[in-house]
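One structure is given below, encoded as structure tokens.
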Amino acid sequence: MSELRTLPVPDGLDGMRVDSGLAKLLGLSRSTAAALTTSGDVELDGSPAGKSDRLLAGSWLEVRLPEGEGPPEVVAVPVEGLTVVHEDDDIVVVNKPVGVAVHPSPGWEGPTVLGGLAAAGIGLAVSGPPERQGVVHRLDAGTTGVMVLAKSERAYSALKRAFRERAVDKHYHALVQGHPDPSRGTIDAPIDRHPKSDHKFAVVTDGKPSVTHYEIVEAFRAASLVDVKLETGRTHQIRVHFSAVRHPCVGDLTYGADPTLARRLGLTRQWLHAYSLSFEHPAHGELVTFDSDYPADLRDALEQLREQDH
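By the UniProt record's numbering, the letter at position 197 of the sequence shown is numbered 197, and the numbering carries on one by one without gaps.
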């Protein structure tokens with residue numbers, strides 16, 4: 001059995017490769033989307049589409065999906081460690097624990113923020129794809145910290161616009177290997193999918209503009225604690241940028257971190273934490289700020305470094 005989906009290409013996907021655009025539109029992995037083009041199950045305005053063909057806004061996509069390849073559903077399951085920092089009629093701010101994805105996606109079988117909120121009876125805006133309703137920004141499953149979701153439609157629109165226009169002040173702390181030089185600077189390098197690895201991203205010439213500001217706040221022999229302010233919000237941006245300048249996040253084996261150092265500090269994921277989020281509240285326009293303390297694994301790793309240096 002298969003399902004035929006016919007849909008117009010939205011403006012936001014204009015010029016994107018068919019496999020990338022299809023993945024974004026239907027919540028598929030890019031390799032699944034590419035396989036559909038190879039098997040002839042994707043047509044663009046009535047003609048077979050290749051995976052590297054470009055999408056044109058307003059044109060029509062016809063996709064024949066194998067059964068079970070539709071967008072994943074949000075399942076209401078309580079999430080241990082997911083705490084609500086603030087909630088009102090328009091927004092809910094949460095502290096996301098490690099090992100939790102923001103929303104369901106193909107191949108992810110672990111807990112999600114959306115599933116945890118649904119289990120807690122917290123309703124979100126219905127804008128956006130069904131499996132990502134209320135989501136205005138994301139954190140990687142292995143990244144902890146503070147994030148906001150929209151409960152009302154006005155909040156969804158206002159927050160999406162604020163993130164798009166870079167009007168949200170997002171601060172992270174990252175423990176990176178070595179000592180970035182200069183101690184305060186900007187990494188301005190375009191990011192897109194890794195050319196050879198579907199689950200990774202990389203600095204590539206024709207990628208999307210990506211800007212990361214950083215400042216060292218504490219230096220150790222083996223690593224530096226940096227305050228990071230994101231100007232753009234690409235997937236894996238901090239991890240990719242620091243890896244590209246040869247100072248990967250400690251514990252981030254995916255992007256070239258030293259496994260020996262990670263083991264010594266007891267880290268099983270990247271040392272990266274979203275500790276502060278400031279934006280104009282969509283209801284009254286006043287600036288609001290929400291913070292999040294380091295979780296135990298990151299705090300312990302930091303304490304070990306401090307002890308080893310003294």
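Where a beta carbon is used, it is the ideal one built from N, C-alpha and C, also for glycine. Because the structure is a prediction, the values reported are computed rather than measured.
- For G251, the closest of T112, Q270, V176 by C-alpha to C-alpha distance is Q270.
- Bridge partners of K96 according to DSSP: G145.
- In summary, T186 is exposed, with fewer than 16 beta-carbon neighbours lying within 10 Å of its beta-carbon over all protein chains present.
- With contacts defined by Cβ atoms closer than 7 Å, Y255 and H273 do not form a contacting pair.
- Residue pairing of W60 in beta bridges, as defined by DSSP: P8.
- Check the Cα spacing between Q133 and each of D140, T143, I122, R64: the tightest is with I122.
- Where K229 is concerned, the enclosing beta strand (DSSP E) starts and stops at 223–230.
- Under the DSSP definition of a beta bridge, T268 lacks any partner.
- Here DSSP, grouped into helix, strand and coil, assigns E153 to helix.
- For F242, the uninterrupted alpha helix (DSSP H) segment begins and ends at 237–244.
- Under DSSP, Q177 forms a beta bridge with A223.
- Check the Cα spacing between A158 and each of H281, L114, A174, L265: the tightest is with H281.
- Excluding residues up to 5 positions away in sequence, A189, P190, I191, V240, A244 lie with their Cβ nearer than 7 Å to the Cβ of V203 in the same chain.
- Counting C-beta pairs with one atom in each stretch, the region 59–68 and the region 41–50 have three or more that are closer than 8 Å, which means they touch.
- By alpha-carbon distance to W108, the top candidate from L253, D140, E87, E80 is D140.
- Cβ atoms of V92 and F290 stay farther apart than 8 Å, at about 11 Å.
- DSSP, reduced to helix, strand and coil, places D169 within a strand of the structure shown.
- Contact between G21 and L56 does not hold, since the beta-carbon distance rounds to 10 Å and is not under 8 Å.
- By the beta-carbon neighbour count (other beta carbons within 10 angstroms, threshold 16), V100 is buried.
- Beta bridge pairing from DSSP links H213 with T186, K229.
- Sixteen is the threshold: when 16 or more other Cβ atoms of the shown chains lie within 10 Å of the Cβ of A174, as they do, the residue is buried.
- Along the region 15–45, the alpha helix (DSSP H) occurs as fully enclosed runs of 4 or more residues at 18–26, 30–38, listed in sequence order.
- Taking the Cα positions, F220 is about 38 Å away from L114.
- Relative to F163, the option among L36, S278, R306 whose CA is nearest is S278.
- CA-to-CA, the gap between P8 and R306 works out to about 55 Å.
- Assigned with DSSP and collapsed to three states, Y275 falls in strand.
- The three-state secondary structure of L55, taken from DSSP, is coil.
- Annotation for L13: no alpha helix (DSSP H) segment contains it, and DSSP assigns it neither H nor E.
- With respect to L230, V217 sits apart: the two C-beta atoms are not nearer than 7 Å.
- Ranked by Cα distance from E286, the first of A118, S152, V168 is V168.
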